[in-house]
Amino acid sequence: MSAAENHAPVTLITGGTRGIGAATARRLAAAGHTLVLGYRGNTTAAQALAAELAEAGTEVLVVGADLSTDAGIDTLFTAALERFGHLDNVVNNAGATLHIGPLAETPSDIVREVININLTSAVLVARRAVREFLAAETPGVLVNVSSTAARNGSPNTYVHYAAAKAGVDALTQGLAAEVAPHGIRVVGVAPGTTMTDIHADAGEADRPKKAAARIPLGRAAEPDEIAAAIAWLVTPDASYTAGTTIRLSGGA
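To get the numbering used here, take the position in the sequence shown, counting from 1, and add 16.
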């Protein structure tokens with residue numbers, strides 16, 4: 017039975033096959049969603065998650081796409097719409113830091129790439145999402161995944177990433193006001209340090225353990241703890257939540 021026939025919500029997640037994205041996919045699958053999971057390069061992880069979810073009865077489509085390009089964004093959304101006909105929710109989650117250290121020591125090409133991945137691509141994914149919601153006259157939900165770095169600036173760690181995520185927070189607030197009259201909700205979550213591969217990808221796999229001493233709860237977040245908030249935001253229980261970003265920081 018297709019998603020349209022069983023009325024399962026159709027949710028697209030960028031960066032949906034690892035870390036917070038994969039945890040969100042598992043949560044939403046358990047809640048009965050049909051899923052479109054975008055990924056960039058790790059085909060093995062994407063196929064493994066798709067097989068796991070399909071075995072549990074979830075209808076899932078994985079799409080490899082480079083969201084730093086217009087063509088990649090179009091590939092992802094076109095594949096989703098050709099398969100399922102519409103989208104109910106989009107989780108704008110893809111991101112990377114790529115480097116850890118003072119800004120003065122961060123290569124300029126890394127700065128540009130991080131801002132492109134975390135801000136420019138996020139804005140363009142959000143733009144495409146609301147275009148599809150408006151065209152379908154669907155009261156959709158867009159969840160932007162930011163970071164607590166947007167508030168604290170992450171000095172000596174990744175100021176470039178923090179600056180991009182501060183832009184994502186502005187995106188959430190401004191776009192929410194634009195599209196709320198159409199019944200579309202734009203919301204955000206800002207995770208603190210979380211146990212994902214983003215740290216290893218930037219060259220410091222043990223960073224979450226190092227950061228634990230600075231977190232009042234004494235530990236980094238698990239991806240599923242962030243996914244729980246995202247999963248709530250796309251439910252009717254969050255129907256009056258718009259234009260805000262929920263901080264998930266362990267008290268930091």
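Even glycine gets a Cβ: it sits at the ideal position worked out from N, Cα and C. Note that this is a predicted model, so its numbers are computed, not measured.
Taking C-beta atoms under 8 Å as the contact rule, A268 and T164 qualify, at a distance of about 7 Å.
Residue state for G204 is assigned as strand, using DSSP reduced to three classes. Under DSSP, A237 takes part in a beta bridge, and its partners are T210. Looking at the DSSP output, R263 bridges to A206.
The alpha-carbon separation between E68 and P207 amounts to approximately 25 Å.
Between G117 and the set P25, A110, P171, L53, the nearest pair of CA atoms involves P171. A residue is called buried once 16 or more other Cβ atoms fall within 10 Å of its Cβ, and H115 is buried on that count.
In the structure shown, L28 adopts extended strand secondary structure according to DSSP, grouped into three states. Secondary structure remark: continuous beta strand (DSSP E) runs of at least 3 residues inside the stretch 127-209, in chain order: 157-161, 201-207. Boundaries of the beta strand (DSSP E) around L53: 50-55. In the three-state reduction of the DSSP assignment, G80 falls in the strand class. The C-alpha of P155 lies about 7 Å from the C-alpha of H198. The C-alpha of T188 lies about 21 Å from the C-alpha of T210. Following the DSSP letters along the chain, one finds N108 inside the beta strand (DSSP E) bounded by residues 105-108.
Excluding five sequence positions before and after T50, the CB atoms of its chain that fall closer than 8 Å to its own CB belong to A19, A24, P25, V26, T27, T74, E75, V76, F100, given in chain order. Here DSSP, grouped into helix, strand and coil, assigns G101 to coil.
Apart from the 5 residues on each side of it in sequence, V250 sits with its Cβ closer than 6 Å to the Cβ of N105, V157 in its chain, given in chain order.
Straight through space, the alpha carbons of D240 and I231 are spaced by roughly 18 Å.
For V78 and G54, the gap between their C-alpha atoms comes out near 6 Å. Taking 7 Å as the cut-off, the beta carbon of V203 is found closer than this to the beta carbon of V159. Put simply, the backbone Cα of A196 is about 17 Å away from that of V107. Collapsing the DSSP output to three states places P118 in coil. In its chain, beyond the 5 residues on either side, T40, R43, L44, A47 have a beta carbon closer than 7 Å to the beta carbon of A247. Nearest in C-alpha terms to A192, of all of A228, A236, I133, Y256, is Y256.
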